[in-house]
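Count the sequence shown with UniProt numbering and you get residues 1 to 502, in order. Glycine residues also receive a C-beta, built at the ideal position from the N, C-alpha and C atoms.
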Amino acid sequence: MGWSERLGPRWTKEEVSEFFATWKKQHSKMELDRVAMLISSYLPSRTPDMVRALIQMHKGFLSLPMATDEGLFAILMDHYDAQAEWESEKTRVESRKKLQKRGLKSEMRSFCAAIDAEFFAHSEFKDCLAQMNFGHLQQAKRTEWSAIRSSMGHPRRFSATFLKEEREKLLRYRNVVRYAQRMKEFPVDIRFPYKIYGPLPIGTRVRVLHPKTHRFCVGAICTVLVLENAYEVMLTYTDHKEILSCPDTSVMLYDETLPPLLYWQNAPTALTTTSESLDSKLNGTISSMRAVMALLQRKERIVAHLARMNEKAAEISANSEGIIQFQSQYAWVLVNLDMTNHMLATALHRMQLTQHQPEPYAVMGPSGLEFHPSEASLNVTQIEWAHQFMNSTRDRSRELVATTIRRLTLDERWKETLQMPQLSTSELVMACMDLVLTLQNAVYKVTSGDELMPLTPIVIHKLLDRKLEMLKPRSNANMSLYHEIFQSVQVLKSVLFHHQQA
Numbered sequence: 001m002g003w004s005e006r007l008g009p010r011w012t013k014e015e016v017s018e019f020f021a022t023w024k025k026q027h028s029k030m031e032l033d034r035v036a037m038l039i040s041s042y043l044p045s046r047t048p049d050m051v052r053a054l055i056q057m058h059k060g061f062l063s064l065p066m067a068t069d070e071g072l073f074a075i076l077m078d079h080y081d082a083q084a085e086w087e088s089e090k091t092r093v094e095s096r097k098k099l100q101k102r103g104l105k106s107e108m109r110s111f112c113a114a115i116d117a118e119f120f121a122h123s124e125f126k127d128c129l130a131q132m133n134f135g136h137l138q139q140a141k142r143t144e145w146s147a148i149r150s151s152m153g154h155p156r157r158f159s160a161t162f163l164k165e166e167r168e169k170l171l172r173y174r175n176v177v178r179y180a181q182r183m184k185e186f187p188v189d190i191r192f193p194y195k196i197y198g199p200l201p202i203g204t205r206v207r208v209l210h211p212k213t214h215r216f217c218v219g220a221i222c223t224v225l226v227l228e229n230a231y232e233v234m235l236t237y238t239d240h241k242e243i244l245s246c247p248d249t250s251v252m253l254y255d256e257t258l259p260p261l262l263y264w265q266n267a268p269t270a271l272t273t274t275s276e277s278l279d280s281k282l283n284g285t286i287s288s289m290r291a292v293m294a295l296l297q298r299k300e301r302i303v304a305h306l307a308r309m310n311e312k313a314a315e316i317s318a319n320s321e322g323i324i325q326f327q328s329q330y331a332w333v334l335v336n337l338d339m340t341n342h343m344l345a346t347a348l349h350r351m352q353l354t355q356h357q358p359e360p361y362a363v364m365g366p367s368g369l370e371f372h373p374s375e376a377s378l379n380v381t382q383i384e385w386a387h388q389f390m391n392s393t394r395d396r397s398r399e400l401v402a403t404t405i406r407r408l409t410l411d412e413r414w415k416e417t418l419q420m421p422q423l424s425t426s427e428l429v430m431a432c433m434d435l436v437l438t439l440q441n442a443v444y445k446v447t448s449g450d451e452l453m454p455l456t457p458i459v460i461h462k463l464l465d466r467k468l469e470m471l472k473p474r475s476n477a478n479m480s481l482y483h484e485i486f487q488s489v490q491v492l493k494s495v496l497f498h499h500q501q502a
């Protein structure tokens, strides 16, 4: 306990005068404790301990023969002033430290390493909405919210286990990014929804935490240590320069200039589109439209001629002499109509292909697979084969569903409990069978190496995407199940594509 606490409240001039007068009379006759008791009896606001502290504090001054009460009061005032100045200085130092600590804490709170920027910028909720085709919604209905909740799962409790799992997820993300930056090999897992940027180039301005001063400094990268997952940052001062070796987790971009993008499974790597390519695309669209219009006019004339021949056939009797010639003419018109329909279908496919042809960039498929511009579209043979395959799988799935329902209706065990499915349910089951048959055929052609019609990755990609579109549910309550099927098909596509590459 200091002297200020032992003295008690601030002594007044009257209290000091009364203390000094009593002390001069009694200090030589009594002991210190009895003098303190006597003086405290004259001063109601003072205890014997306070009086004893004042005597011990100024024992030297009180023993002087020239000591006065005014001198004692002046010494007390100097003590109080010094104490007040010391306390104010202490308050200023503490407040300054608190401000510095608070400023450092706010900077630490806003700090985000360049390697972790994409991890914290990614939103799993937005990703879920986009996969469920709810990204455009401003307000969701109750059924939509129930589908979103079922897809997202139960909310996690903010606990030590949750934080541990999130840290482990962050560490796995960092390992994938570092491996991709070092080996230029990108993740084949389609569930990696993050962009992967290259290492920060030399000369990039960054913000780092100084290991000695524990303050943030702005410098420039002078060396990239890819194998050590670190950077050497040069800090420039007014009189000298300093080079710090900082891990990649303590380096933050000073501005928003991002390094080059190495990998992103959802973004095609766009190239420069020249005016010549745009002109050629426009000319191809115009020529395709002209061919379709000419074939439509030709088909219209053939159909009109066929209608007139049908009217003429009703007038010709079976025993007429020109019946054989009429039949040959009628057969020729039918053959001509069939050829026109075939040519029209081909022209329509070409026009559709020209209108939906992608720009001249490398199309990024699932799991990072790139389709070259020559493979980004289907030729006429592939389109015809795809349409024939879709029709055949549709007929086969319809036959399988009908056979199964017929077998169940004839079974005595299911006769009483079986209910005939609705038309929409049958269509949904047939769409599922279409998808299964398409996957079986794709696996067979990829693994067996069919030389008559080899399937390129773009053919499989478009076929499976078309089957998924046909399988898309109308009710939002089934979107979670559709999402699982969609993810499974994407995984199978990734496996098939990499099997073809191997």
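Residue i - partner residues in DSSP beta bridges
i	result
residue 125	Answer by DSSP bridge pairing: none, since residue 125 is not bridged.
residue 134	Paired residue(s): none; residue 134 is not in a bridge.
residue 241	236
residue 331	According to DSSP, which records beta bridges pairwise, residue 331 is partnered with nothing at all.
residue 216	209
residue 534	Here the chain comprises residues numbered 1 to 502, so residue 534 is not present and cannot be evaluated.
For residue i, three-class secondary structure by DSSP
i	result
residue 6	helix
residue 249	helix
residue 356	For residue 356, the pLDDT reaches just 47, beneath the cut-off of 50, and the residue's location in the model is therefore unreliable, leaving the point undetermined.
residue 377	Residue placement at residue 377 is poorly supported in this model, since its pLDDT is 46, which falls under 50; the coordinates are not used for a value here.
residue 224	strand
residue 432	helix
residue 302	helix
residue 515	Residue 515 falls outside the range modelled here, since the chain spans only 1 to 502, and no answer is possible.
residue 179	helix
residue 254	coil
residue 341	helix
residue 200	coil
residue 11	coil
residue 185	coil
residue 154	coil
residue 316	coil
residue 169	helix
residue 139	coil
residue 159	coil
residue 113	coil
residue 192	coil
residue 472	coil
residue 16	helix
Residue i and residue j closer than 8 Å at C-beta
i	j	result
residue 193	residue 181	no
residue 114	residue 253	yes
residue 224	residue 202	yes
residue 303	residue 347	no
residue 64	residue 55	no
residue 471	residue 435	yes
residue 248	residue 220	no
residue 132	residue 483	yes
residue 480	residue 433	no
residue 250	residue 208	yes
residue 218	residue 205	yes
residue 259	residue 197	yes
residue 295	residue 340	yes
residue 52	residue 15	no
residue 170	residue 119	yes
residue 49	residue 6	yes
residue 344	residue 299	yes
residue 504	residue 235	Since the displayed the chain opens at 1 and closes at 502, residue 504 lies outside it and no answer follows.
residue 519	residue 486	Residue coverage of the chain in this structure runs from 1 to 502, which leaves residue 519 outside it and unanswerable.
**Contact between the stretch 12-20 and the stretch 35-54 (3+ Cβ pairs under 8 Å)** = yes
**Unbroken stretches of the alpha helix (DSSP H), 4 residues or longer, contained in the stretch 20-82** = 32-42, 48-57, 59-62
**Request:** Inspect the CB distances between the stretch 4-13 and the stretch 65-85 and report whether three or more fall short of 8 Å.
**Result:** yes
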